[in-house]
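Per full-length UniProt numbering, the very first residue in the sequence shown carries number 1; after that it's consecutive. Quick reminder that beta carbons are idealized off the backbone N, C-alpha and C, glycines included. As structure tokens, the structure follows; a few thoughts come after it.
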Amino acid sequence: MGNPGGDPVLLVHGRQDSAATFIPLLHNLPETYNYVGVDLPGHGKSDPFPIGVMLTRFHFLAAVEYAVTHLKWDHFVYVAHSMGCEQGLFFNVIHPGKIAKFIFLDPLPSFQRLQIHDFKEYYGTFYHEYYSNYKKYNTNDRVYSKRKAVESVMRARGLNEEQAEIVLSRNLQSVGEDTYKLSWDKRLRLPAAQNYPPDYYYGLFSKNLPPTLIVSASNSLDPRNKKRNDIAIELVSQLQKSMDHFYVETVTGGHDVHLTDPELVAKCILDFLNRSMGRAKL
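Shown next, in the form of structure tokens:
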């Protein structure tokens, strides 16, 4: 979308989403940029990783790298939601200088998942759960009518019908008359997170960090994860205090606020893109 000759913008969605979830937001952003969205493996129209492997969140970093290599982009804006945000941070560590600006849409629920430091909890949540239910996570035999699929997404994510249709637009596979399967890889329910110490993340992410905007949703963090939430919030706070051109905007809404209130989120993004940031500006 946008202008193929414009400054490049890569759009990377969150877990169990697809590139389609950025469409409402793009309708509120300038057409002068060259926007390219990707479906990560096992999402939307992209093939899943080979069956059997216990997925980690790191696996998806390779897909981002492949996309950038294919596009032959040397310098671009990186816009991401949720899990896509951490992929961008790790990409920036491996390829410093390629990303001109970061725009992260509600990354805190993703960042708190990087903070499971109790090994028993970590192993049980991911590896024990996966291998104890191996067949369930590697079999996709559930079917839905179109209506049931839409209602399921509306109920699970608090979306209206139009928004649920957008989420499903690249994630439904027709297998018969009004009979569909969801294309999401079931292993996406529990890709194992990296659980490094907070100081390590800070040291890693603060190196060569480009101008960054975080648009944080007011109602997205699960209070049951308070300890991990607090660590994630502190990580962002430390980055904001020590980095030039690091901005945090809190908007009213839930985790999918870029989909449910795209005009509000677009305003934050436009203000950020229009800021003068010296050498980091595209």
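Is there at least one non-hydrogen atom of the ligand MN closer than 7 Å to the beta-carbon of VAL9? Here there are no bound small molecules, and the ligand MN is not part of this structure.
Paired residues, beta bridge with ILE214 - DSSP: Its beta-bridge partners are PHE104 and VAL248.
Report the rounded CA-to-CA distance for ARG15 versus ARG275, giving the unit in angstroms. Roughly 30 Å separates the two Cα atoms.
Would the beta-carbon of GLY2 fall within 8 Å of that of ASN34? Yes.
To which residues of the same chain is ALA20 closer than 6 Å at the C-beta, ignoring the five residues directly before and after it? A distance below 6 Å between beta-carbons, with the five flanking residues on each side excluded, links ALA20 to the following residues of its chain, in chain order: ILE166, SER169 and ARG170.
Where the alpha helix (DSSP H) containing TYR201 begins and where it ends: Its alpha helix (DSSP H) spans residues 198-205.
Using 10 angstroms around the beta-carbon of SER82, count the other beta-carbons present and answer buried if the total reaches 16, otherwise exposed. SER82 comes out buried.
In its own chain, which residues sit with a C-beta less than 6 Å from the C-beta of CYS60, not counting the 5 before and 5 after it? Per the sequence presented here, residue 60 reads as Phe, with Cys not at that position. Excluding positions up to five away in sequence, the list reads LEU40 and GLN87.
Minimum C-alpha distance to LYS227 - residue among ARG147, LEU108, GLY253 and VAL36: Residue LEU108 is the option with its Cα nearest to LYS227.
Can you list, in chain order, the residues of its chain whose CB lies under 6 Å from that of ALA67, leaving out five sequence neighbours each side? Result list for ALA67: VAL38, in chain order.
First and last residue of the uninterrupted alpha helix (DSSP H) at GLY91: Here residue 91 turns out to be Phe, not Gly, going by the sequence shown. That run of the alpha helix (DSSP H) goes 83-94.
Go to LEU10, then tell me how far its beta strand (DSSP E) extends in each direction, as first and last residue. Run containing LEU10: 8-12, per the beta strand (DSSP E) assignment.
Relative to the alpha-carbon of ALA164, which residue among LEU259, HIS95 and PHE104 has its alpha-carbon at the smallest distance? Proximity to ALA164 across LEU259, HIS95 and PHE104 peaks at LEU259, based on C-alpha coordinates.
When the distance is taken between beta carbons, is HIS70 closer than 8 Å to LYS98? It is not a contact, given that the beta carbons lie outside the stated cut-off.
Helix, strand or coil at SER132 [DSSP, three-state]: Residue state, collapsed to three classes: helix.
Tell me the rounded alpha-carbon separation between ASN225 and GLU177. Their Cα atoms are separated by approximately 42 Å.
I'd like to check one pair, VAL251 with LEU264: are the Cβ atoms closer than 8 Å? Yes, the Cβ-Cβ distance between LEU264 and VAL251 is below 8 Å.
Is the distance from the Cβ of THR56 to the Cβ of PRO191 below 8 Å? Contact flag set, yes.
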